[in-house]
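Have a look at the structure below before the remarks.
There are 2 protein chains.
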Amino acid sequence: MPTITFLPADATVEVPPDENLLKAAMRAGIHVNASCGGAGVCNKCRVFVESGDVAGEELPDGGWKACATFPRGDVTVRVPVESEMDRKALARTGSTRAVAWIARHDDTVRWRLHPGVSKIRLNLPEPTLQDHESDLARLRRELAQGHFQGITFDVDSQVLYSLPASLRNGDWNVTVSLMEGRRKDTRRVIRVEPGDSVSNHLGIAVDIGTTTVSAQLLDLNSREILGERSDYNPQVSYGEDVISRMEFARKGDGLAVLQEKIVECLNGLISELMQENNVSVDSLSMITIAANTVMTHFLLGLETKFLRAQPYVPVASRFMPVRAVEIGVDVPHHVRIFLAPCVASYVGGDIVAGVVGVGINHEPELTLFIDIGTNGEIVLGNQDWMACAACSAGPAFEGGGIKHGMRATTGAIEVVHIHPDTFEPMVLTIGGKKAKGICGSGIISLLAGLFMTGVLDQQGKYKRDLGSERVRAGSDGWEYVVVEGASSATGQDIVFTEADVENLIRAKGAMFAGYLTLLESVGMGIEDLDRVILAGNFGSYLDLDQAVTIGLLPDLPRDRFFFAGNSSLIGARAAAFSWKALGEMNEASQMMTHFDLSDNSRFMDHYVSCLFLPHTDRNLFPTVDFRA
Amino acid sequence: MPTITFLPADATVEVPPDENLLKAAMRAGIHVNASCGGAGVCNKCRVFVESGDVAGEELPDGGWKACATFPRGDVTVRVPVESEMDRKALARTGSTRAVAWIARHDDTVRWRLHPGVSKIRLNLPEPTLQDHESDLARLRRELAQGHFQGITFDVDSQVLYSLPASLRNGDWNVTVSLMEGRRKDTRRVIRVEPGDSVSNHLGIAVDIGTTTVSAQLLDLNSREILGERSDYNPQVSYGEDVISRMEFARKGDGLAVLQEKIVECLNGLISELMQENNVSVDSLSMITIAANTVMTHFLLGLETKFLRAQPYVPVASRFMPVRAVEIGVDVPHHVRIFLAPCVASYVGGDIVAGVVGVGINHEPELTLFIDIGTNGEIVLGNQDWMACAACSAGPAFEGGGIKHGMRATTGAIEVVHIHPDTFEPMVLTIGGKKAKGICGSGIISLLAGLFMTGVLDQQGKYKRDLGSERVRAGSDGWEYVVVEGASSATGQDIVFTEADVENLIRAKGAMFAGYLTLLESVGMGIEDLDRVILAGNFGSYLDLDQAVTIGLLPDLPRDRFFFAGNSSLIGARAAAFSWKALGEMNEASQMMTHFDLSDNSRFMDHYVSCLFLPHTDRNLFPTVDFRA
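Just so you know, the sequences run in chain order H and W. Residue numbering for the first sequence follows the working numbering, starting at 1218 and increasing by one per position. Residue numbering for the second sequence follows the working numbering, starting at 1218 and increasing by one per position.
Written out as structure tokens, the structure reads:
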């Protein structure tokens, strides 16, 4: 990989050939003013190439647009100096990322391959006048003679319809699909196919998120992930968050509409996965789904009225396997959906699947599992015990309730660096397009940058006497101009208001108060945490130093942080490959002590103390430089 | 009851007030010539009233039509003498009826009342912020705390849809319907109703016969039979017997049509029973059905192709409870159909239900259970062992394959007495209408009468030199004229041909050869039989002496014979009232050794010996007077 050297700071960074000089500078910790996010329109990111070969857009004065210029080998670049600060490289933002959890703890080896549905081959003796038992009795007899002695078999009535043909078309060789039972000594015959179809044994693992639905096609024999597809949850049209969707579900046939939508989405993903991999839905043996409590209720078409109001009671939290066709999923009759169990209204199957999927319940280390989504669910524990809570953090870190907040799609500002002297921003957007708004990682990096450079004080207020035009009294109160209208995709200024900051402080405060409350409940403190696992892809983008700086994450040695990716999907996949993993989810859901923070006075106390950057108690954040 | 004295024989009989003098004479063993069956048209049944008061039709010569005259107190009647034989009363036909089995062995007490579905009331604690488990978990917790410790509960997914409303509408008092499982330590929650609905707990027991379907509405709390309805099996339009229906089922959507028809019939019976008793189908907890193997397959829509051909293999012989709605029965979701298990292709759930229903498996006495239907199924055994067989007797005793044979409906000749000297018949029809044909009991009494009076010889041939105009060479060979065209409903002579006799001898021969084969298989003989139980209503009409005379029943002391009525329905009812009874049926079906007589050389030997009236071996029939 080419090495770029940035002067005058003399900072170097290795870059992949398709990374432009602006991104390289960000990773090297070099500030280059940039407003348009990399779209090449603001012309602020001018740099001079001192040696080496580049390709890109050269300006009339001999400079190059950093956001549109790519190295063609080792390159030395000079960044125009605006202040003394520029002479030295700043802390590299890229250096404090969490480590990928799964790379260390491979979910494919924690459990023996043993799906909840298994396929076995049987060779039955052909009936004679002396041995003319019924087809079903013959099948049962053969099962009992194998390694299933003492097992009670239930049989799907649908099996009977195809049984005579299956037995005879396969010349009395059949492949039987057996579903595990609630007890070790029971099984259920769900399918009998003619001949040997043991090798056609697919599963689908699904994470149904409030916003996104992701599905993986799995080979249940080889443990391979054959494909993955994602789609937006089409319920979004009926409400951005679970609360508004539950409101929608109360009216008329709202619930039925929501169920239909998510099932349509599932059908679409399944059909795409099948086509893409050139396999038939007939090879499908099972589906596993992890989803939060509300999404699980919608999927099954269960009443959510009582989930919505105190005391927040779900219809069910642990589920029997559901016949997929019964809820409208377009698969053969035998296919069951195995659902990850929920703990409570706002700690759902996605969290339980995640916790077991990443193996917290397998190891002695005290782990804090954090899902910074709309609710902000947290789990604290290890192999011996677990406590969980939903923090009602709100969707601020997903861009919700933030004036120019948006989802992490093309044009979203994903990284912002604030120049410590000039307070000018260095903005990178997803896809290098003109900025449309700010997504979660951008929000955190912006908030941290503004606080670290003293633009914001500990209370989350802009310094009124900063002397920068970027900070101004806007229509919604004081604000920082991140991108001027001239460089933005909308033509409007993209700003970050004090109200936005307040929302973010509330959100991170709720999370942190949650950590403290759960820890306190077991007589422990932050320092006792052996590790922190961040759920969601968010965790991989998050700059740990920044997240600690704003008080969203505890100030622990950075090597204790891991990101898990879509841990809910990892859990769903584990549940497909291993019946035991699914069993562990049920155990975990029962073992987790759930704290209802809305009714917890200790939480309220902590929350109030957390409404500062990073916290009223500076001792909790020893590594944060309190410049403010 | 009035007493009638018949002169000159001086025979007396007590009669109910609505019984005419012709019927009274038949019961008293007095022959009165009568051709029209009691329709009052042949004028042959003239009698003279010597004392007492009668009401009816007086003839110009001062005589009365016996078939249209009723006693109004004690009456003495003189029958015109045609021969010396008339002077003495003949053996009373009514005196050798089988005793009702159920009167002795009440099926309502053999098993403790314990239906396969039970209703229990639960009072659940209302959820609070501290106790906010899911509705389902709350229900499970309460069940586990009661007398269901250690029980694994499955839950119908449909329960979840109504659960929140049921719990809250009943103010946390609910009635839970629990279905027994295949194991003692499992149950299934199939319904949760708000409040206390324990008293609404109905069952329906059904016997699906090839010809007739009978259903009873049962109160599962009080063990009462609330009502009974019967209907013809509408599949009759697609084939009289199981063979022709299986042929129909092979073509196009034949199987689906047959299933639809029987389900329509069930729906009709259920709806009539509900309306008649002013109850709602919502109170229905379960349905039990006993049917032969083919009818059971049609009900479930199972392939019958392999039932039809060697080696005669059913798809299934023991069945899991079937959700009624799944096969189109119009009842609530929770209602399951519990099916009586079958033994083999031609020994079905009707027989197993009958055998257990009458309690053969409960008593040490060696019992022969006979169902003289189309197939002629027989079971031999006691509490320790059982053997069974289907005799392929054919439908002759139901009137099938008999020139003027018909079902036992209005106008069918049900009793015939042959005058031993004049060979004139005394004919009674069902409903006292003009004769249309001869039903089963009429056929037996006719055959026995013709043999006893020497009109037929032991080979089943008419005596050619009898000197009676009743015996003649007809268009179909030799025949006996039972009713002349002038007195019949059709205007045609009703005759009984030698071909009819041959069919009957084959049919009874197959039955008897069946008894002997099963007995021989356990080293026993006819004399070892402690009792004979006749299934079907047929058994209550049957004159035992006559049935023994023709070799249809073994020549045992008549007090060893019992009739069970619709034993299949009795069994279905027992299965509804008692889960244990249903369990015994499953045990019985597995314990029964099935003999395939079509493949049995001993059976063939016996069969050949049985093709005589009553049998080649006279020692087997010591009480039969071989006049021939």
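C-beta: ideal position from N, C-alpha, C; glycine also.
- The beta-carbon of H/Leu1443 is placed no less than 8 Å from the nearest beta-carbon of chain W.
- With at least 16 other beta carbons inside 10 angstroms of its own, W/Asn1450 counts as buried.
- By the criterion of at least three beta-carbon pairs nearer than 8 Å, the stretch 1596-1612 of chain H is not in contact with the stretch 1340-1355 of chain H.
- The stretch 1702-1712 of chain W makes contact with the stretch 1647-1667 of chain W, as at least three CB pairs between them are under 8 Å.
- Below the 9 Å Cβ cutoff, chain H contributes Leu1517, Gly1518, Leu1519, Glu1520, Val1532 as neighbours of W/Tyr1378, in chain order.
- If only complete runs of 4 or more residues are kept, the stretch 1408-1482 of chain H shows the alpha helix (DSSP H) at 1459-1467, in order along the chain.
- CA-to-CA, the gap between W/Glu1274 and W/Ser1502 works out to about 54 Å.
- Under the 8 Å criterion on CB atoms, W/Pro1381 is classed as interfacial with respect to chain H.
- Residue-level contact check: W/Ala1557 does not touch chain H, since none of the beta carbons of chain H fall below 8 Å from its beta carbon.
- Below the 7 Å Cβ cutoff, chain W contributes no neighbours of H/Glu1299, its closest Cβ being approximately 57 Å away.
- In summary, the residues of the stretch 1325-1348 of chain W whose CB is separated from some CB of chain H by less than 7 Å are Pro1344, Thr1345, Leu1346, in the order they occur in the chain.
- Under the Cβ distance rule, H/Thr1369 counts among the residues neighbouring chain W, one pair being separated by less than 8 Å.
- Per DSSP, reduced to three states, the secondary structure at H/His1579 is helical.
- Sequence-distant Cβ neighbours of H/Asp1717 in its own chain, meaning closer than 6 Å and more than five residues away, are Ile1619, Lys1620.
- Of all residues in the stretch 1455-1470 of chain W, none is placed with a Cβ closer than 9 Å to any Cβ belonging to chain H.
- Proximity to W/Glu1582 across W/Asp1745, W/Leu1663, W/Val1511 peaks at W/Asp1745, based on C-alpha coordinates.
- For the pair W/Pro1225 and W/Val1564, the Cα-to-Cα distance works out to about 51 Å.
- Around H/Ile1743, the same chain offers Pro1771 as residues with beta carbons nearer than 6 Å, after the five sequence neighbours per side are excluded.
- For H/Tyr1824, the closest Cβ of chain W is not nearer than 8 Å.
- Within chain H, the C-beta atoms nearer than 9 Å to that of W/Asp1813 come from Leu1346, Gln1347, His1349, in chain order.
- With contacts defined as CB atoms closer than 8 Å, H/Gln1433 and H/Ile1421 qualify as a contacting pair.
- Under the three-state reduction of DSSP output, W/Cys1605 falls in the strand class.
- Judged by DSSP in its simplified three-state form, H/Phe1640 adopts coil rather than helix or strand.
- The distance from the Cβ of W/Thr1766 to that of W/Ala1665 is about 4 Å, consistent with a contact at the 8 Å cut-off.
- In the displayed model, W/Arg1400 falls within coil according to three-state DSSP, outside both helix and strand.
- At a beta-carbon threshold of 7 Å, the residues of chain W lying near H/Phe1523 are Pro1381, ordered along the chain.
- According to the DSSP assignment, W/Met1537 belongs to no alpha helix (DSSP H), since it is labelled neither H nor E.
- The Cβ neighbour count for H/Thr1403, taken over all protein chains shown within 10 Å, is at least 16; the residue is labelled buried.
- Annotation: the stretch 1249-1290 of chain H contains no complete segment of the alpha helix (DSSP H) (minimum length 4 residues).
- Taking a Cβ-Cβ threshold of 8 Å, the residues of chain H close to W/Met1537 are Asp1371, Val1372, Ser1374, in chain order.
- For H/Tyr1824, the enclosing alpha helix (DSSP H) stretches over residues 1818-1826.
- Interface annotation, W/Pro1581: not in contact with chain H, CB-CB separation never under 8 Å.
- Look at H/Ser1500 here: in three-state DSSP terms it is helix.
- In the DSSP assignment, W/Phe1365 is bridged to no other residue.
- For H/Val1699 against H/Ile1630, the beta-carbon gap comes to about 7 Å, under 8 Å, which counts as contact.
- Burial check for H/Asp1270: the Cβ neighbour count within 10 Å stays below 16, so the residue is exposed.
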